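A.B. asks: Those protein sequences? They're chains A and B, same order as listed. The end of the first sequence is residue 313 by the numbering used here, with every number in the run present. The end of the second sequence is residue 1598 by the numbering used here, with every number in the run present.
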Amino acid sequence: MDVPQVRHVATLLGHVAHIVSQVPSAIVVSELRKSYGTTEALRGVSFEIAEGEVFGVLGPNGAGKTTTVEILEGYRGRDGGDAWVLGFDPGESPRELRERIGVVLQQSELSPLLTVRETHEMFAGYYQRPRSVDDVIDLVGLAEKRNARVKTLSGGQKRRLDLGLALVGDPDLLFLDEPTTGFDPGARRAAWEMIRSLRSLGTTILLTTHYLDEAQQLADRVAVLRDGLIVRQGTPSELIGDSRLTEIRYRRDGVLAVLQTSDSTRALHELTSEALAEGRELDELEVRRPTLEDVYLELVGEEPESAQ
Amino acid sequence: MSTLLHQLRFDQKIFWRNREAAVFVFVFPLLLYALLGSVYGDLIDGVPAEDVLLAGLFGYGAATTAMGGLAITLVIRRETGVLKRVRSTPLAPATYFVAVLLSTLVTFALEAVALLALGRLLFRASMPANWLGFAGAIVLGVACFAALGVGAAALIRSAEGVSAVVNVVILPMAFLSGSFGPTNEFPAVLQAIANVLPLTYFLDIVYGVYLAGESIYADPTALLVVLAWGAAGAVVALRRFGWMPRER
């Protein structure tokens, strides 16, 4: 992107003002609505993703993650609201838009009889300016499997092939729908590394996941979806900071006690004065801020605040 | 145009690498021809049996390649998400479809050549009396049965069941229409059913071009019935065929 995020402007008087220029948005969604029959899958979802950002959509199964992503990918129509993807209406899914996006679906198969290289070649042929097929195969770590047929690949290798096919058109925007579901921890870390390297190349990424550590590791910002509404959005640390809860853990008579409180100063004071008065030691006393997981569980367990 | 050839090349590659499908679609009609040709005697209705059967299996080949093969391919590709993924690429859906149809045409044209070669080799069967008409029959057969195949693919939602459904339709149709031998001894009910089937009329056209040296327009009724069936398939296909897999 040739628009600098921060532009320094010197005034005639020598003062320096910082003007934060607007980074263009890759995706703008406002009041998105979608129903299947009588079920409202999305009830007014709004968010914006800046170019170059990794945005995570979190939520339990059935929250509306895949519906949101599939509307933006052009697979599904919307019943209400606005959506802009790279400046295009995804409902019309124009060819110019399809040239610039890459899609990794949650579930999809490929012809088992073509090789890894042939499959990449086939997809590269659909784009006007594809990346080099061999570079992409190297990037997703399938160099050794270049000439292997798709049916001989392991589950993790197939997911890497999916990613390779999404990258072969050299997309500006990448949709990853639960990209590491079913991965072992090693494969997950490798996938994370790959996604980080794509981000460093400037690719905007919309990621859905139900792994909180994945969102915390990869996403610049996250939105938590629940029952078709966004219940909270922000950077992972903002979300954690928003939480009023603090967790106090200690061991009493060998039994672990966990106390969650929104008034940690008072709780800690009462706990310690009680222990001092009784002349007891609070073994393994620990006061910790919630993790994203705690915040998430708190969020998906509570009522959505508003249609925003 | 280059994207079309690109996709056609890969479709052909995928087809020939899939041994089971290639056997079902390509080898089976040849095998049946070899078997039936060895069983039937000299003449069927005064025409050399090897010629009648060649025409019959040409018709069966058109149905099994274009209708059966295409329906199976499309249902499996749709239900496993292959079509859905292609839909998000810049490849135009029409280009993808035309490539799939052309690939079917290439396969069936090769099938027709193989039938002629086998007939020549095993039974000294006749060569087409009207080559141009014969080529026209190849295109007509693929057009009609491919339309029916896509229509069937639009209605069949199960990748596991598609092959069984397709065979339950095609094999009895081929039997009743006379692909596997004469039908004039069949009960009237079966003959009545045969009288509405597209393959019956397609075979009339094939006999005409292959043996009598007629054009494919020689029997307008037959041509109209074949085209009407194709149009019906195309209407169902256009109205009902989707790219997305069934919701799970």
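Cβ coordinates follow ideal geometry from the N, Cα and C atoms, glycine included. Owing to the predicted nature of the structure, the values given are computational and were not obtained by experimental measurement.
Which residues of chain B have a Cβ atom closer than 7 Å to the Cβ of A/M127, listed in chain order?
C.D. replies: Simply F1360.
A.B. asks: When the Cβ atoms of the stretch 126-134 of chain A are set against those of the stretch 72-82 of chain A, are three or more pairs found closer than 8 Å?
C.D. replies: No, the stretch 126-134 of chain A is not in contact with the stretch 72-82 of chain A.
A.B. asks: Bridge partners of B/L1577, per DSSP?
C.D. replies: Looking at the DSSP assignment, B/L1577 forms no beta bridge with any residue, so it has no partner.
A.B. asks: Per DSSP, which one or two residues make a beta bridge with A/T251?
C.D. replies: According to DSSP, which records beta bridges pairwise, A/T251 is partnered with A/T266.
A.B. asks: Anything in chain A within Cβ reach of B/N1368, meaning under 7 Å, just list it in chain order.
C.D. replies: What B/N1368 touches in chain A: L118.
A.B. asks: Classify B/M1417: buried if its beta carbon has 16 or more other beta carbons within 10 angstroms, exposed otherwise.
C.D. replies: Answer is buried; the Cβ neighbour count reaches 16.
A.B. asks: Report the residue ranges of all beta strand (DSSP E) runs contained in full by the stretch 1367-1421 of chain B; include only those spanning at least 3 residues, in chain order.
C.D. replies: Fully enclosed beta strand (DSSP E) runs of 3 or longer: not present.
A.B. asks: Drop a sphere of 10 angstroms on the beta-carbon of A/G107, count the other beta-carbons inside from all chains shown, and report buried for 16 or more, exposed for fewer.
C.D. replies: The residue in question, A/G107, is buried, as its Cβ has 16 or more Cβ neighbours within 10 Å.
A.B. asks: For a contact meaning CB atoms closer than 8 Å, what does A/I106 contact in chain B?
C.D. replies: In chain order: S1438.
A.B. asks: Looking at C-beta atoms only, is the number of pairs between the stretch 1464-1473 of chain B and the stretch 1375-1390 of chain B that lie closer than 8 Å three or more?
C.D. replies: Result yes; three or more Cβ-Cβ pairs closer than 8 Å.
A.B. asks: Contact check, A/V109 vs A/L211 under 8 Å by CB: the rounded distance?
C.D. replies: With a Cβ gap of about 11 Å, A/V109 and A/L211 do not count as contacting.
A.B. asks: Measuring alpha carbon to alpha carbon, tell me which of A/G69, A/G42, A/I32, A/R294 ends up nearest A/G49.
C.D. replies: When only C-alpha atoms are compared, the closest one is A/G69.
A.B. asks: Can a CB atom of chain A be found closer than 8 Å to the CB of B/V1432?
C.D. replies: Chain A contact via Cβ: present.
A.B. asks: Near A/Q111, which residues of its chain fall below 6 Å by C-beta distance, leaving aside the five closest residues on each side in sequence?
C.D. replies: Here the set comprises D182, E183.
A.B. asks: For the beta strand (DSSP E) containing A/K156, list its first residue and its last residue.
C.D. replies: Taken as a continuous stretch (DSSP letters only), A/K156 belongs to no beta strand (DSSP E), as it is neither H nor E.
A.B. asks: Against chain A, does B/R1435 count as a neighbour if the rule is that its beta carbon must be under 8 Å from one of theirs?
C.D. replies: Taking Cβ atoms only, chain A reaches closer than 8 Å to B/R1435, which makes this a yes.
A.B. asks: Can the beta-carbon of A/D87 be found closer than 8 Å to that of A/E36?
C.D. replies: Yes, the pair counts as a contact, with Cβ atoms nearer than the cut-off.
A.B. asks: Beta carbons nearer than 8 Å to chain B: which residues of the stretch 173-200 of chain A have them?
C.D. replies: Taking 8 Å as the Cβ-Cβ cut-off against chain B, the residues of the stretch 173-200 of chain A that qualify are G174.
A.B. asks: Can you tell me where the alpha helix (DSSP H) with B/Y1567 in it begins and where it stops?
C.D. replies: Looking at the DSSP string, B/Y1567 is not in any alpha helix (DSSP H), and its letter there is neither H nor E.
A.B. asks: Name the DSSP bridge partner or partners of A/V260?
C.D. replies: DSSP lists A/R257 as partners of A/V260.
A.B. asks: Run through chain B and tell me which residues come within less than 9 Å of A/G79, C-beta to C-beta.
C.D. replies: Near A/G79 (Cβ distances below 9 Å), the residues of chain B are R1437, S1438.
A.B. asks: Is the Cβ-Cβ distance between A/L304 and A/R226 less than 8 Å?
C.D. replies: Cβ atoms of A/L304 and A/R226: not closer than 8 Å.
A.B. asks: Would you please state the rounded distance, in angstroms, between the beta carbons of B/A1509 and B/V1425? I believe it to be under 8 Å.
C.D. replies: Contact flag correct, Cβ pair sits at about 6 Å.
A.B. asks: So what's A/R38 in DSSP terms, helix, strand or just coil?
C.D. replies: If DSSP states are grouped into helix, strand and coil, A/R38 belongs with the strands.
A.B. asks: Would you tell me roughly how many angstroms separate the C-alpha atoms of A/P99 and A/L223, rounded to the nearest one?
C.D. replies: Going from the Cα of A/P99 to the Cα of A/L223 covers about 29 Å.
A.B. asks: Check the Cβ of B/L1441 against every Cβ in chain A and list those closer than 7 Å, keeping chain order.
C.D. replies: By Cβ distance, chain A contributes Y131.
A.B. asks: If we define contact as Cβ-Cβ less than 8 Å, is A/R100 a contact residue for chain B?
C.D. replies: Judged by the 8 Å Cβ criterion, A/R100 is in contact with chain B.
A.B. asks: With H, G and I counted as helix, E and B as strand and the rest as coil, what does DSSP make of B/E1510?
C.D. replies: In this structure, B/E1510 counts as coil in the three-state DSSP scheme.
A.B. asks: Check whether the stretch 1403-1416 of chain B and the stretch 1528-1546 of chain B touch, using three or more Cβ-Cβ pairs below 8 Å as the test.
C.D. replies: Flag = yes, the stretch 1403-1416 of chain B and the stretch 1528-1546 of chain B touch.
A.B. asks: With C-beta atoms as the reference, is B/L1358 less than 8 Å away from B/L1498?
C.D. replies: In this structure, B/L1498 does not lie closer than 8 Å to B/L1358 by Cβ.
A.B. asks: Do you know offhand how far A/R193's Cα is from A/P65's?
C.D. replies: Using only the alpha carbons, I get a separation of about 20 Å.
A.B. asks: According to the Cβ coordinates, are A/A272 and A/L264 closer than 8 Å?
C.D. replies: Their beta carbons are under 8 Å apart, which means A/A272 touches A/L264 by this criterion.
A.B. asks: Please state whether the Cβ-Cβ distance between B/P1595 and B/G1431 is less than 8 Å.
C.D. replies: Result yes, Cβ atoms of B/P1595 and B/G1431 sit closer than 8 Å.
A.B. asks: Quick test of the definition: if touching needs 3 or more C-beta pairs under 8 Å, does the stretch 284-291 of chain A touch the stretch 247-257 of chain A?
C.D. replies: Yes, the stretch 284-291 of chain A touches the stretch 247-257 of chain A.
A.B. asks: From the DSSP output, in three-state form, read off B/S1476 for me.
C.D. replies: B/S1476 falls in the coil class under three-state DSSP.
A.B. asks: Given that B/T1353 touches chain A, what residues does it touch there, using C-beta distances under 9 Å?
C.D. replies: Chain A residues near B/T1353: G130, Y131.
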